[in-house]
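Novice: Quick one: the structure is below, and I'll ask about it shortly.
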Amino acid sequence: MSRKLNLGMAVNEAIHIAMETDPDVILMGEDVAGGGDREGDGIDEMGGVLGTTKGLVKSFPDRVLDTPISEMGIVGTAVGAAATGMRPVVELMFVDFLGTCLDPLLNQAAKLRYMFGGKARIPLTVRTVSGAGMQAAAQHSQSLYWMTAGIPGLKTVIPSNPADAKGLLLASIRDDNPVIFCEAKLVLGATGEVPEGDYEVPIGKASLVREGGDVSLIGFGGTVAVCQRAAKKLAAEGIEADVLDLRSLQPLDEEAILTTLAKTGRVVVVDESTPRSSVASDVAALCVDQGFDSLETPVKRVTAPHSPVPFSRPLEQAYLPSPERVIEAVRSQG
Amino acid sequence: MRPTPIESNPGRSQNTGQNTGESSAMNLTREQLLDAYRKMRMIRAFEEKLGELVAAGKMGGFMHLYAGEEAVAVGVCAQLGQRDTVASTHRGHGHCIAKGVDVGAMMAELFGRASGTCKGKGGSMHIADVEKGMLGANGIVGAGIPLTTGAALTAKLKRSGGVAVAFFGDGATNQGAFHESLNMAANWKLPALYVVENNGFGEFTPTEFVVPVKDIAVRAGSYAMESAIADGMDFFDVYEKAGEALEHCRSGHGPVLLECKTYRFAGHFVGDPLVYRSKEEAEDWIQNRDPLDRFESHCVEAQLVDADDLRQIDHAVQEELEAAVEAAEAAPFPDLSEITTDVYYTPPGEGGAR
Amino acid sequence: MSATAIAMPRLGMTMEEGTIVEWPVPVGGPVEKGQIVLVIETEKAESEIEAVVGGFFRHAFVEPGETVPCGALLGAITDEADEAFDAEGFAASYVPPEGSVTESDEAAESVATPGPAAETPAAVQGGRRPVAPAARALARKLGVDLDRVDGSGPGGRVTKQDVEAFASARERLFQVEDGVGLEVLREGEGDPVVLLPGFGTDVSSFAFQSAALVDGYELVGVNPRGVAGSDAPDLERYEVARAAADVASVLAEAPPAHVVGASLGAAVALELALEHPDRVRSLVLVTPFVEASPRLLAFADAWVRLAAEAKPETLSAFLAPWLFGEDLLSDPARRERTLRGLAQAVRRIPAATLERSAAGLEQWSGSRTDALGRLRVPTLVLAAGEDLLTPGAEALAASIEGARVETLEGAGHALAIDAADDVTRLIRAHLAAS
């Protein structure tokens, strides 16, 4: 059985299941309860700035913790709690706020297990909203998964649809490693069939969401839909595209990437982030490094430009990868 | 979880004072006293040995020695049990020894050997033994403070009765992590003991150059949190104040900030030219306030232990240390394949994560 | 009421594409069957195309100046001036004639009959040829020499499909001794006529003749070792005797053939006639030699050296004054067209082949001077009035019993191109008579 949910509802459901099935799971963050345990006083709760966690505090009043606006304190505390037996789910309102809490992720969560010679586990999940598309401008629209994906010790996932979001979040919460779970703004509004009940989508496994033999379009998060739309238009011209949804940026499903490359010989990677040191560049490098003999054309990257995210609507739309730019990239491969 | 409404509590600062002799420390048994001395002596000897080894070029890495501050680590940790955790600093060897981490494994770790506490992958600034409740030395100033807040949150949610202790320097109290943590811990009434080791210098800069308050303990006031000040060179004073603080934490009254006034005998790190402090000042602390000397004279005068007992401990510590060095030097380095292990936890039966 | 297509004709075995020069009849104007309705330009020459039906010239799909593959739809003739004609629908339902080079099968065709390589961007000239990694890997696997594969991708990039097509074309090569595969191009029906190209060229140098002779004969163009699609074994020299033996193998199952050879190809033809007389019905020797002049040897040496360093266009410009007569050289349009065609042809012959062929030429020179008297085969020798390279062609003819000689004034050594029509006419007459 499944029903149509949006991404936020799927996330909410995943957290509910995780908390129900494991008493060590706690939810912390700014406004995650949002004043919401005053049963009977007629006051409703916020459930986070986007209302994603609304209602959870009613089910788990002791384990949904509103925090002060102290990202360093929140994430640092969550790392300490994770190291000592809890399984915290932290909401970092927007990934842009990574700047205020990088140390607990970069130097603590990512490193403790290694520095301690394997004698620690950090089962921490940081949920965060990522990317452009809401005219939130330069400090609330970045796609910074490339930073966390580049830090050994952290895992980074980014679902492209509500069903994957639920399964990936459950897998993330139950993973004994720190996982950064990105909720792309471009996907937040999308609805889709979401299975009921408890299921996990394995971290590190990409998903081939469309099959075609002529070109491989590789996306993740919000760019999967961009690839799909481009693939439809290309099909009208007789070019059939594989569309690979990476889902997990670290660990990266290198095998799936190389498999689609071997099949089509040409790859276009579509990444919402800026191009330098990006996932797109990483995938392109992988194709050249490990898949060189399969390449029939140059690997093309479709990314945002190397600039902050602009506010103005037309500028923001032009900033984001579009199906037209993907098609242009395919054409430029010859 | 909602915060319990907080009663007006401006924080409580106590003046440093000599031990009055009417404290809980006076109830320590002879065995407890000898064990405390043994730990302090081991810390001192360990750090002196490291100084030699680094100078002789036998040991690498950044090395920050704890000599002079032994009474703080031992005075606090002597009252901690298995359920309690400790988060430490880059100057962390003392806390490890005080919390009961194996000295042989520590020495092997500092030599980068596979038999080290952390398989040779942590080194001086990252010695940890989570099984002993030791959440690690930490190379980032102030980073252990939120970790402790988190450990205290675990203790509270799991009702373990444990207390999470963070040791950190005066410098760390200028970090946002300190203030954010104290705010959260006080708000949630977490069982956390924040021990600031105020040794008068943040790296090379005198504390008063960068901190406008004379006593760091007063910073607790902003968070309506208990605080105390102890003579960090006096085992008995630290023991007593820490004991009261731990009791406060354990009984669910929330966190405490304990400031221990102390002094590091060596510089910030091994190789520090020490140009920023006067020889006279250092000599005064080292000659007149050495925590081991003070412990001995107090105990011997009060006829709690014999000086001979202590000399025997000195001898045994030295022997243990020599053996630890010998074993560490003879131990194998980690296999090169260890470079990429322990990056991620992989459940048994699953392939290694990439 | 119906419409008839005008398509880009295929004038000869090696023609891939043509350029529209002119539509002499205005759109809507009446056309009689046999009237010149179209002028096109190919690698070799300008050609006038006659209407195959009478009617009205209704639509031009391609404008003058455009270059399109053989078989492509160019125009339409309708029976009546005012009958309904849907140009778009006509184009959509147009089926190109069999064997034509249309875009859909371009890749396969371009190898089966090696066509002009895609234009190489200036930036790549003199540097590495662009080769797709997948093509490189496949070439390694199949043992294909990438230098011999034309690139059809952007900027002349060699694609995996190019290598696949090359390899499959190689499979179709005629296998002669020591495992060498030769590209043998066959077209037409009738008595076999073997075409043997001269030094540094392939059978495309007979394009004009083959376009005419295909009507009535089975043309068998043999690209020698190292030339165009034929294998290039790593030998010190490509000996003339060996080349003759190769041709004999090709002809093993066929009745005796008319053998047409130009220059070094004429040497092969002579050798064939001497060593395998049963294979030869008649000989046409175009600007032949039996003893290479010092100038011919020096010219071959210069060609070898230049080919290793210069662009095909440069090489072709250098060759022109040596190969063509002053009539051609003094006509700028003809000269330009000839240079372009020549550049395409020399592109298909690697420098190593030239070096080996030159060594074979030098070795053979003088070895058959006394043997010519033994020949008993109808022979036509075509000599050029302005031949700088093989001035002894007429004397050579005198040494062969019964040989007829025709000297074409005003033309140079590359007679088949320079005096294409005369050569065609004389060959046709000779074949008819033999």
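Residue numbers (the working numbering), protein chains in the order written: chain A, 2 to 335; chain B, 41 to 394; chain C, 209 to 642. Heads up, the beta-carbon is just placed ideally off N, CA and C, and yes, glycines get one too. For clarity, every value in this text was computed on a predicted model and none was experimentally measured.
(1) Along chain A, in chain order, which residues have C-beta atoms closer than 7 Å to that of C/Ala300?
(2) Within 10 Å of its beta-carbon, does B/Tyr234 have 16 or more other beta-carbons around it, so buried, or fewer, so exposed?
(3) Going straight from the alpha carbon of B/Arg84 to that of B/Glu110, what length do you get?
(4) Please confirm if A/Ile219 has its CB atom under 8 Å from at least one CB of chain B.
(5) Would C/Lys368 pass as an interface residue toward chain A - the criterion being a Cβ-Cβ separation below 8 Å?
(6) Find the residues of chain A that neighbour C/Ala340, judging by a C-beta separation of less than 7 Å, and give them in chain order.
(7) Return the residue from the list C/Leu505, C/Trp511 and C/Gly236 that minimises the CA-CA distance to C/Ile557.
(8) Checking the sheet assignment: what are the DSSP bridge partners for A/Ser3?
(9) Which of the residues in the stretch 246-266 of chain A, read from start to end, lie with their CB under 7 Å from any CB of chain C?
(10) Name the DSSP bridge partner or partners of B/His219?
(11) What would DSSP say about C/Lys349, mapped onto helix, strand or coil?
(12) DSSP state of B/Asn11, grouped into three classes?
(13) With a threshold of 16 other CB atoms inside 10 Å of the CB of A/Thr85, please say whether the residue is buried or exposed.
(14) Judging by CA-CA distance, which residue of B/Leu105, B/Leu73, B/Val258 and B/Glu287 is the nearest neighbour of B/Gly201?
(15) Within 8 Å of any Cβ in chain B, is that where the Cβ of A/Ile16 sits?
(16) Indicate the three-state DSSP secondary structure (helix, strand or coil) for A/Cys183 in the structure shown.
(17) Could you pull the DSSP bridge partners for A/Asp67 from this structure?
(18) Please classify A/Met2 as buried or exposed, where buried requires at least 16 other C-beta atoms within 10 Å of its C-beta.
(19) Just the C-alpha distance for C/Ser471 and C/His621, rounded to the nearest angstrom, thanks.
(20) What residues are listed by DSSP as bridge partners for C/Ser301?
(21) Could you check what DSSP says for A/Ser1 in three-state terms: helix, strand or coil?
(22) Ends of the beta strand (DSSP E) at A/Asp246?
(23) Output yes if chain A places a C-beta closer than 8 Å to the C-beta of C/Arg365; else output no.
(24) Output yes if chain B places a C-beta closer than 8 Å to the C-beta of A/Gly59; else output no.
(25) At 9 Å on the CB atoms, spell out the chain C contacts of A/Gly335, in chain order.
(26) Given a limit of 8 Å on CB to CB distance, which residues of the stretch 317-337 of chain B reach chain A?
(27) Grab me the residues of B/Ala19's own chain with a C-beta within less than 6 Å of its C-beta, minus the 5 sequence neighbours each way, in chain order.
(28) At what residues does the beta strand (DSSP E) containing C/Asn431 begin and finish?
(29) Hey, B/Thr157 and B/Glu237 are a contact pair by Cβ (cut 8 Å); roughly how many whole angstroms apart?
(30) When DSSP labels each residue in this structure, what does B/Ser337 get in the three-state scheme?
(31) Flag A/Gly154 as yes when its Cβ comes closer than 7 Å to any non-hydrogen atom of the ligand ZN, and as no otherwise.
(32) Taking C/Ala345 as the query, report the chain A residues whose CB atoms sit under 7 Å from its CB, ordered along the chain.
(33) Establish whether the CB of A/Pro322 and some CB of chain B are separated by less than 8 Å.
(34) Assuming A/Val303 contacts A/Val327 (C-beta within less than 8 Å), just tell me the rounded distance between them.
(35) Quick one: is B/Ser221 near chain A, going by C-beta distance under 8 Å?
(36) Check distances from the C-beta atoms of the stretch 80-97 of chain A to those of chain B and list, in chain order, the residues that come in under 9 Å.
Specialist: So, from the data block:
(1) Chain A residues near C/Ala300: none, gap ~16 Å exceeds 7 Å.
(2) buried
(3) So the two alpha carbons sit approximately 7 Å from each other.
(4) It does not; no Cβ of chain B falls within 8 Å.
(5) yes
(6) Leu296, Glu297 and Thr298
(7) It is C/Trp511 whose Cα lies nearest to the Cα of C/Ile557.
(8) For A/Ser3, the pairing in a beta bridge is given by DSSP as A/Pro196.
(9) For the stretch 246-266 of chain A, the residues whose beta carbon sits under 7 Å from a beta carbon of chain C are, in order, Gly266.
(10) Answer is none; B/His219 lacks a bridge partner.
(11) helix
(12) With chain B covering only 41 through 394, there is no way to say anything about residue 11 of chain B.
(13) A/Thr85 comes out buried.
(14) B/Glu287
(15) no
(16) strand
(17) A/Gly30
(18) exposed
(19) 8 Å
(20) Answer by DSSP bridge pairing: none, since C/Ser301 is not bridged.
(21) Absent from the structure is residue 1 of chain A, since the part of chain A shown begins at 2 and ends at 335.
(22) Ala242 to Asp246
(23) yes
(24) Sequence check: residue 59 of chain A is Lys here, not Gly. No - not a single Cβ of chain B is within 8 Å of the one on A/Lys59.
(25) For A/Gly335, the chain C residues whose C-beta falls within less than 9 Å of its own C-beta are Gly361, Pro362, Gly363, Arg365 and Thr367, listed in chain order.
(26) none
(27) For residue 19 of chain B there is no data in the structure shown, the boundaries of chain B being 41 and 394.
(28) Segment Tyr425 to Asn431, the beta strand (DSSP E) holding C/Asn431.
(29) Contact doesn't hold; Cβ gap of about 22 Å is too wide.
(30) It is helical.
(31) No copy of the ligand ZN appears in this structure; indeed no ligand is present at all.
(32) Per Cβ cutoff of 7 Å: Asp294.
(33) no
(34) 5 Å
(35) yes
(36) Val80, Gly81, Ala82, Ala83, Ala84, Thr85, Gly86, Met87 and Pro89
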